[in-house]
Amino acid sequence: MAIFQQPQDQGQTRTAGDALEFFAGIGLVRLGLEAADWRVVFANDNDPAKREMYDAHFGQAQSHFELGDIHRLSDEAVPDATLATASFPCTDLSLAGMRQGLEGKQSSAFFGFTRILKNMRDRRPPLILLENVVGFLSSRDGADFETATRTLNDLGYMLDVFVLDAKWFVPQSRPRLFIVGSQIPNEDGASTTVEDLVTTRLRPEPVVRFIEAHPEMRWNIRKLPFPPVASRKSLTDILEDLPPEAPEWWDAQRAEYLLNQMSERHKAIAMSWMNLSSWTYGTVFRRVRMQADGKKRSMGELRYDGLAGCLRTPKGGSGRQILFKAGYGTYAARLLTPRECARLMGADDFRITVPLNQALFGFGDAVCVPAIKWIAENYLNHLVNNATLRRGHAPCMVTAS
731 MAIFQQPQDQ GQTRTAGDAL EFFAGIGLVR LGLEAADWRV VFANDNDPAK
781 REMYDAHFGQ AQSHFELGDI HRLSDEAVPD ATLATASFPC TDLSLAGMRQ
831 GLEGKQSSAF FGFTRILKNM RDRRPPLILL ENVVGFLSSR DGADFETATR
881 TLNDLGYMLD VFVLDAKWFV PQSRPRLFIV GSQIPNEDGA STTVEDLVTT
931 RLRPEPVVRF IEAHPEMRWN IRKLPFPPVA SRKSLTDILE DLPPEAPEWW
981 DAQRAEYLLN QMSERHKAIA MSWMNLSSWT YGTVFRRVRM QADGKKRSMG
1031 ELRYDGLAGC LRTPKGGSGR QILFKAGYGT YAARLLTPRE CARLMGADDF
1081 RITVPLNQAL FGFGDAVCVP AIKWIAENYL NHLVNNATLR RGHAPCMVTA
1131 S
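All residue numbers for the sequence shown refer to the numbering used here, where the first residue is 731 and numbers rise by one.
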């Protein structure tokens, strides 16, 4: 197992280990890992537009980005590392997709990832972290999730499964399913058995039910603390302060059209905001809904709980999230800006040099940075430290860049 990096001669800085970032997108998994003392030494994705954003932020010389289809990627091009991450496409697993599952054109990329792991043999990373939509659990009545977990078991990984919602870290509702695969057992008293597993917000009933239904699988379940939600920013905190004359704001006719797309209940909420002597903010997605008369209609659905909805890729008009503000007897609307989307993903200082739609696509198809940081600090780093101490090594060091 390629778990320990050897100390370098000088300029040393502590690191948890080296990581491989598959389905790297614009690099938000990397940002989360680096914030928890990991070093990403390899990235792969097949989207040149995302690579452009990745290189613009990290610098081309430091991106370690291999552009190409994972099904055609040679394991010989992949360096040794402690951890491999995979945020493989959710298109065929989500409710918004066609639910073709792991046999679908996009989500079958999972098998490209496992092929790489299999071919790496004794170079296989001892830790893996997979991320996808919660719908992965129920895709094709659970058959896809069972196939995936058995495949990872067969590669020698003990597994753990949990759910994190971005709203516990940033003002965005974005629940995601995570799988940790490990060749390193929990040895610090933080493990729990299948028999003792209980339902929590991190492991909701569908997760517990799946684990309990498959006791024959190799599990490595870790007790986890709950994220500190109280420290989260509000939606207002992440907004750019654009003046009323800024071109991003829609004209009155377009804003009125949006207001009239809302249901009577949502429109009443918006109108109540207008009566306040302060600004109130919400977000809106357009969705096609069946009406009482049997006809479909595009509706503007207002979110008024202080959170943004889940960022999506801007495919068609329904994928763009709209900011709605009201107060002082008036209202206004515009799209969320790329910078606001970056902040909703916890990537506040991400370098944005690309056009609007490209930026929205990049952030809409990414992973929440502080969620990854939390997993690294509360899970992955503990496993690496335990393995280090068990082997009698000092914490590993690498040369600072």
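Note that CB positions come from ideal geometry on N, CA and C, so glycine has one too. Given the structure is predicted, the values throughout are model-derived calculations rather than measurements.
Exercise. Starting from residue 1060 and walking both ways along the alpha helix (DSSP H), at which residues does that stretch end?
Worked result: Working through the sequence shown from its first residue, we reach residue 1060 at position 330. Not the alpha helix (DSSP H): residue 1060 falls in the beta strand (DSSP E), residues 1060-1065.
For this session: Please confirm whether residue 772 and residue 809 have their CB atoms less than 8 Å apart.
Result: Mapped onto the sequence shown, residue 772 falls at position 42. Mapped onto the sequence shown, residue 809 falls at position 79. Contact: yes.
Problem set entry | Residue closest to residue 797, alpha-carbon to alpha-carbon, out of 812, 806, 787 and 781 | Counting from 1 along the sequence shown, the entry for residue 797 is found at position 67. For the residues 812, 806, 787 and 781, the minimum Cα distance to residue 797 belongs to 781.
Exercise. Is residue 1091 near the ligand ZN, in the sense that its beta carbon is under 7 Å from a heavy atom of that ligand?
Worked result: Ligands displayed in this structure: none; no statement on the ligand ZN is therefore possible.
Exercise. What residue from 882, 1060, 787 and 866 has the CA that sits closest to residue 854's CA?
Worked result: One-based indexing of the sequence shown puts residue 854 at position 124. If we check each option's Cα against that of residue 854, 882 comes out closest.
Exercise. Relative to the C-alpha of residue 981, which residue among 926, 1115, 1014 and 1061 is closest?
Worked result: Counting from one through the sequence shown, the residue named residue 981 turns up at place 251. Among 926, 1115, 1014 and 1061, the Cα nearest to that of residue 981 belongs to 1061.
Exercise. Hey, residue 940 and residue 872: beta-carbon distance below 8 Å or not?
Worked result: Looking up residue 940 in the sequence shown gives position 210. Looking up residue 872 in the sequence shown gives position 142. It is a contact, given that the beta carbons lie within the stated cut-off.
Problem set entry | residue 1104 - DSSP class collapsed to helix/strand/coil | Taking the first residue of the sequence shown as 1, we reach residue 1104 at position 374. In this structure, residue 1104 counts as helix in the three-state DSSP scheme.
Exercise. Do residue 901 and residue 1041 have their C-beta atoms closer together than 8 Å?
Worked result: For the purposes of this step, residue 901 is taken as residue 171 along the sequence shown, with counting starting at 1. For the purposes of this step, residue 1041 is taken as residue 311 along the sequence shown, with counting starting at 1. Contact: no.
Exercise. At which residues does the beta strand (DSSP E) containing residue 1011 begin and terminate?
Worked result: As a first step, residue 1011 must be located in the sequence shown, where it is residue number 281. Residue 1011 -> beta strand (DSSP E) spans 1010-1020.
For this session: Please state whether DSSP places residue 905 in a helix, a strand or coil.
Result: Position 175 of the sequence shown holds residue 905. Strand at residue 905.
Problem set entry | Sufficient close CB pairs (3 or more, under 8 Å) joining the region 912-931 to the region 841-858 | yes
For this session: Quick one: residues in its chain with C-beta nearer than 8 Å to the C-beta of residue 934, no 5 flanking neighbours on either side, listed in chain order?
Result: Here residue 934 refers to the residue found at position 204 of the sequence shown. Taken in chain order, the residues that qualify are 893.
Problem set entry | Whole runs of the beta strand (DSSP E) within the region 797-822, excluding any shorter than 3 residues | 813-816
For this session: List the whole-angstrom C-beta distance separating residue 907 from residue 866, where the pair is believed to meet the contact cut-off of C-beta under 8 Å.
Result: Indexing the sequence shown from 1 puts residue 907 at position 177. Indexing the sequence shown from 1 puts residue 866 at position 136. That pair is a contact at about 5 Å.
Problem set entry | Identified DSSP bridge partners for residue 1052 | Taking the first residue of the sequence shown as 1, we reach residue 1052 at position 322. Answer is 1014 and 1065.
For this session: For residue 965, I'd like the list of residues in its chain whose CB is within less than 7 Å of its CB, leaving aside the five on either flank, ordered along the chain.
Result: Within the sequence shown, numbered from 1, the residue matching residue 965 stands at position 235. Excluding positions up to five away in sequence, the list reads 901, 1011, 1036, 1037 and 1038.
Exercise. Does DSSP classify residue 748 as helix, strand or coil?
Worked result: One-based indexing of the sequence shown puts residue 748 at position 18. If DSSP states are grouped into helix, strand and coil, residue 748 belongs with the strands.
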